[in-house]
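Line by line, the protein sequences give chains U and Y.
Residue numbers for the first sequence follow the numbering used here, beginning at 1 and rising by one.
Residue numbers for the second sequence follow the numbering used here, beginning at 280 and rising by one.
Every residue gets a Cβ at the ideal spot worked out from N, C-alpha and C, and that includes glycine.
Take a look at the structure below.
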Amino acid sequence: MLKVLKPGFFSTIQDNGRYGLLDKGVPVSGYMDAFSASKLNKLLENEKDSAMIEVTMTGPQLKFTQPTTICIGGATVSGTINNAPILNYKLYTINSGDIVSFGKLSKGFRAYIAIKGGFQTKKVLNSRSFFQPITQFGCIKKDDEIEYKGISSFKPKISELKIDSHLDKKILKVFRGPEFDLLNDKQLEEIFFQKFSVSKENNRMAYQIKETIPGLNYSMLTSATQPGTIQLTPAGKLIILMKDGQTTGGYPRVLQLSENAISILAQKKYGDKISFKLE
Amino acid sequence: MIDYSISIKPFGSKAMLVEWPNHVDEDILKDILNFSNFLKGNYLKENEWDIIPAYNSLTLINRNDDINRDEFIAKLQNWYASKKEAESVQRHLWKLPVCYDLEFGIDLLEVEDKLNLSVAEIIQEHTKHQYTVFGIGFLPGFMYLGGLPKQLEIPRRTSPRLTVKKGAVGLAGKQTGVYPQNSPGGWNIIGNCLVPLFSPQKKEPCFVNVGDKVQFYAIEKAEYELRKIEIDVGIYNLEKIKIDA
């Protein structure tokens, strides 16, 4: 078991997401930065949908009560085990009583703490991903106890991964969205030749873009949206839906982020610059 | 059975959007649901695909693999042309109890003024019609209902509330609906429906399907309290009627 000594700003349990209820309005949820999460699960030789802790901005302090192996990744957060610094994408053996802490975030926005076998919190509708009110709580709280299977015999094939980090990437590859053809030359030019910045309104549901472009006054019938769908509002706001985003919407879906672009964007915070490139 | 002219567009690397003519129309909705059922029954496995119907569209999302776009568009066109009438889906009419007491209908008096109808007339109009579920989205279990009578059309509130209560029944534009959970919202609230529209602990968390119909009926506050207890202890029987296709 893991005991939460400090929860951090906003930490959640995430797995690959909650499928099968999109037609009932349930968002898919899951790792915001699926790229980093998949590397961690590979390194730990986990199932690809194993649950891990997603840390936003400031990290938690956690006490482990059983032996295991952990690995951190995603954002750079200067983690420590019992005050000794640890590196991203490297396996560390944990003994009972060890305390893992995170310091200041230096690059990126979301870090992951993955564990051998994955965290064993209760599944709700086939997933461990937090999403209130599907799950009782929206984030991890102080004194929470999180189950995992203690393992001291793990002999990993490799102990470290060199990854081509996406934390510095700023270009988001996009596909044409279903209503792409509604965009006029002026809007196209602004979308593809301008640098944008992430607004204060950014979370697991959606990232809004700070700069506005000429809006789209188009009345469409509500239709499905996905993580990565970029809507353009009549007021000219670009809204990028993320993993906890609503499953339907009524604004034109002008672009769709590639999956890798969702992982890149998930590491951006208020003020960070991004631009769009058509696939 | 009519064959509509449909358009098929890629929607990212793993999804495809099939669109019918841009109308709110029950026949279109039925055709969408029949096609969806046909695809589920014959070609698209439940554990690989999420299929989302709404108004005039059907979105097909693969959970794992990228779609070969041209090939899949051609297949979908063939499948649509070859679908059989027999694929029709069993739909249901759900009778949902609503308490229009002023304690819950916090905007009723304002709505009365704006629509120039008495509270009794608002309740009568709101409960007289069967509404069609054209989509479920926005929140888990939130139904987009069509078929609101003209007399009840009212603009959204100018400033949305930070919290609208779970079960709140609202009016906005051409729509009426029930908030399935506490949520910010700008609809005019006229009552409360105590039947939970989304229960994460149940195997079938949301009993309503797109294509079903909903009719509200008015209950007094005393009955509301009684039914609430029945729901809490799990003995409440929801009234459901089969609709002939």
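Pull up the distance between the alpha-carbon of E509/Y and that of Y515/Y, whole angstroms please.
-> 5 Å
Any idea what DSSP makes of V124/U, helix, strand or coil?
-> strand
Check whether the Cβ atoms of Y89/U and K155/U lie closer than 8 Å to each other.
-> no
Residues in its own chain within less than 7 Å of D49/U by CB, not counting five upstream and five downstream?
-> D15, N16
Can you give me the start and stop residues for the beta strand (DSSP E) that L43/U sits inside?
-> Looking at the DSSP string, L43/U is not in any beta strand (DSSP E); the run it does join, the alpha helix (DSSP H), is 34–43.
Along the chain, where does the alpha helix (DSSP H) that runs through I209/U open and close?
-> Counting along the chain, I209/U falls outside any alpha helix (DSSP H), though it belongs to the beta strand (DSSP E) covering 206–209.
Whose C-alpha, out of N184/U, I171/U, D185/U, F180/U, is nearest the C-alpha of K195/U?
-> I171/U
State the start and end residues of the unbroken alpha helix (DSSP H) segment that holds L388/Y.
-> 387–394
Residue interval of the alpha helix (DSSP H) (run including K104/U) | Taken as a continuous stretch (DSSP letters only), K104/U belongs to no alpha helix (DSSP H), as it is neither H nor E.
Within-8 Å CB hit, G20/U to chain Y = yes
Ignore the nearest five residues each way along the sequence and tell me which others in I239/U's own chain have a CB closer than 6 Å to its CB.
-> A206, Q208, Q231
Starting from S478/Y, follow the beta strand (DSSP E) in both directions and report where the run begins and ends.
-> From DSSP, S478/Y is part of no beta strand (DSSP E); its letter is neither H nor E.
Mapping DSSP to helix, strand and coil, what is A328/U?
-> Nothing about residue 328/U can be reported from this structure: the residues present for chain U run from 1 to 279 only.
Can you tell me whether F383/Y is buried or exposed, with buried defined as 16 or more other CB within 10 angstroms of its CB?
-> buried
According to DSSP, is N341/Y helix, strand or coil?
-> strand
Answer yes or no: the CB of G449/Y versus the heavy atoms of the ligand ATP, is any distance below 7 Å?
-> Ligands are entirely absent from the displayed structure, and the ligand ATP is therefore not among its contents.
Closest by C-alpha distance to D306/Y, when choosing among Y322/Y, K293/Y, K374/Y, Y334/Y = Y334/Y
DSSP beta-bridge partners for V457/Y?
-> V448/Y
For R18/U, which three-state DSSP category applies?
-> coil
At which residues does the alpha helix (DSSP H) containing Q356/Y begin and terminate?
-> 348–361
Name the chain U residues that come within less than 7 Å of N335/Y, Cβ to Cβ?
-> L221
Starting from the Cα of I151/U, find the closest Cα among A266/U, I94/U, N82/U, G8/U and give me that residue.
-> I94/U
Give the range of the alpha helix (DSSP H) segment to which Q187/U is assigned.
-> 185–193
Under 8 Å, do N341/Y and W328/Y count as touching if we go by C-beta distance?
-> yes
Output yes if chain U places a C-beta closer than 8 Å to the C-beta of T338/Y; else output no.
-> yes
Please confirm whether P214/U and G236/U have their CB atoms less than 8 Å apart.
-> yes
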